[in-house]
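Residue numbers (the numbering used here): 175 to 582. The beta carbon of each residue, even a glycine, is placed where N, CA and C say it ideally should be. Down below is the structure, laid out as structure tokens.
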């Protein structure tokens, strides 16, 4: 505001959005969870319909209405589950809501009026409902999640299913370089690794929406996006042990402990560097002369008849200017079409008097070079445009080779 010495005048009728960065509040859908303690003492969050009829006096329910979380304790619920429910609500408030959520603890038959209002979609109840036991606790079994990995294939997306049975699904099945879709029937989670590609991230969200609509689901089912390291408690409750606790050495920083582990001695012993110093004591090799270098270049390119270069500009490949030939930029994608001469061996090699001329064959190699900072859209553009054109021209005499910067 110091850049404007005079007062700011607001023009009536202006509809232009502000150029300042604004922080939008995250919208949270009203949901209801029934808490179960499984045989391995795992606390499981089962999503149920947000209605009064979902309540059961033997269980504890979490009613999440955004900036209010109600922890409803049934009269027949266990005391140990009450403590676990309190810790779970505090984790949601600290990790997901930045301590802005109000935690309201209520017991059956002593609920505040706003509890029934939020449970009835914002409408006050005329009379309190009768809460009865209706959940078959013996027959309850959590739905086994179906895990898919989103891969980027040769011009198309792949969605292979990750097989983990008969074992249980653990954190080890998730790789930071990939994106996964976990179908839990009532919820579809999109887990995004921190080192995954941006193109795969955007495609995974669209695939999750299509997968969500393919199966008949409950009306409270949603698609949840989870970034690695910021998973929701609903997502973590699907696993036996999804623990974010890191071993801490108070003489070191937290980042150092995450990279090397708590036992620094063990890490050093397993990462000892083996250095070969023999090259330092050998005589220095003489540098190659320019004449010898040119001779080697001519020998290597002896079979090369012609070469054309193309560069990606916008959404299509154009011919590379001659003054830019030999210059590579890390943000670009280049295509080199090389035509090599292939001599044919005559069937009658012993007959020296054979005057018939044998036509030589040729072989075309297309090199696709992708810079370190270039997008994967360059490869997709090449496969659907130039590659199809070259295949129609050269058929089986064409060979395509893809290489990245510093991997030639």
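In DSSP terms, what residue i is bridged to
i: residue 210; result: 218
i: residue 400; result: 365
i: residue 226; result: The partner list for residue 226 (beta bridge, DSSP) is empty, contrary to what the question assumes.
i: residue 480; result: 513
i: residue 492; result: 485
i: residue 542; result: 509 and 576
Local conformation of residue i per DSSP, three classes
i: residue 462; result: coil
i: residue 405; result: coil
i: residue 254; result: helix
i: residue 238; result: strand
i: residue 567; result: helix
i: residue 376; result: helix
i: residue 470; result: helix
i: residue 587; result: This structure cannot settle anything about residue 587, because the visible part of the chain is limited to 175 through 582.
i: residue 178; result: coil
i: residue 536; result: strand
i: residue 266; result: helix
i: residue 524; result: Residue placement at residue 524 is poorly supported in this model, since its pLDDT is 48, which falls under 50; the coordinates still yield a value, given next. Three-state result, residue 524: coil.
i: residue 413; result: coil
i: residue 485; result: strand
i: residue 433; result: helix
i: residue 260; result: helix
i: residue 580; result: coil
i: residue 439; result: helix
i: residue 249; result: coil
i: residue 446; result: coil
i: residue 386; result: helix
i: residue 272; result: coil
i: residue 394; result: coil
i: residue 572; result: strand
i: residue 529; result: Per-residue confidence for residue 529 stands at a pLDDT of 48, beneath the threshold of 50, marking its modelled position as unreliable; the derived number appears in the next sentence. Correct three-state label for residue 529: coil.
i: residue 420; result: Note that residue 420 scores a pLDDT of 48, beneath 50, so its modelled location is shaky and nothing firm can be said.
i: residue 277; result: strand
Exposed unless 16 or more other CB atoms sit within 10 angstroms - verdict on residue i
i: residue 205; result: buried
i: residue 411; result: buried
i: residue 304; result: exposed
i: residue 378; result: buried
i: residue 247; result: buried
i: residue 210; result: buried
i: residue 263; result: buried
i: residue 345; result: exposed
i: residue 563; result: exposed
i: residue 505; result: exposed
i: residue 370; result: buried
i: residue 515; result: exposed
i: residue 509; result: buried
i: residue 567; result: exposed
i: residue 185; result: exposed
i: residue 365; result: buried
i: residue 251; result: buried
i: residue 529; result: Any answer about residue 529 is weak, because its pLDDT of 48 lies below 50 and its placement is not dependable; what the coordinates show is given next. With fewer than 16 other Cβ atoms within 10 Å, it is exposed.
i: residue 544; result: buried
i: residue 552; result: buried
i: residue 454; result: exposed
i: residue 219; result: buried
i: residue 182; result: exposed
i: residue 569; result: exposed
i: residue 245; result: buried
i: residue 492; result: exposed
i: residue 312; result: exposed
i: residue 546; result: exposed
i: residue 372; result: exposed
i: residue 314; result: exposed
i: residue 405; result: buried
i: residue 350; result: exposed
i: residue 299; result: exposed
Supposed close pair residue i, residue j - CB separation, criterion 8 Å
i: residue 278; j: residue 242; result: 6 Å
i: residue 385; j: residue 355; result: 6 Å
i: residue 555; j: residue 489; result: 6 Å
i: residue 352; j: residue 367; result: 5 Å
i: residue 587; j: residue 223; result: This structure gives no information on residue 587, because the portion of the chain shown stretches from 175 to 582.
i: residue 475; j: residue 326; result: With a Cβ gap of about 35 Å, residue 475 and residue 326 do not count as contacting.
i: residue 249; j: residue 282; result: 5 Å
i: residue 208; j: residue 235; result: 6 Å
i: residue 511; j: residue 482; result: 5 Å
i: residue 575; j: residue 540; result: 7 Å
i: residue 502; j: residue 560; result: The Cβ separation is near 18 Å, so there is no contact.
i: residue 494; j: residue 538; result: That belief does not hold up - the Cβ atoms of residue 494 and residue 538 are roughly 17 Å apart, past 8 Å.
i: residue 360; j: residue 221; result: 4 Å
i: residue 319; j: residue 293; result: Rounded, the Cβ-Cβ distance is 28 Å, inconsistent with contact.
Any non-hydrogen atom of the ligand GDP within 8 Å of residue i CB
i: residue 558; result: What this structure holds is no ligand at all, so the ligand GDP is not there to describe.
Kindly provide the ranges of any alpha helix (DSSP H) runs that are 4 or more residues long and lie completely inside the stretch 280–366, ordered along the chain. 287–293
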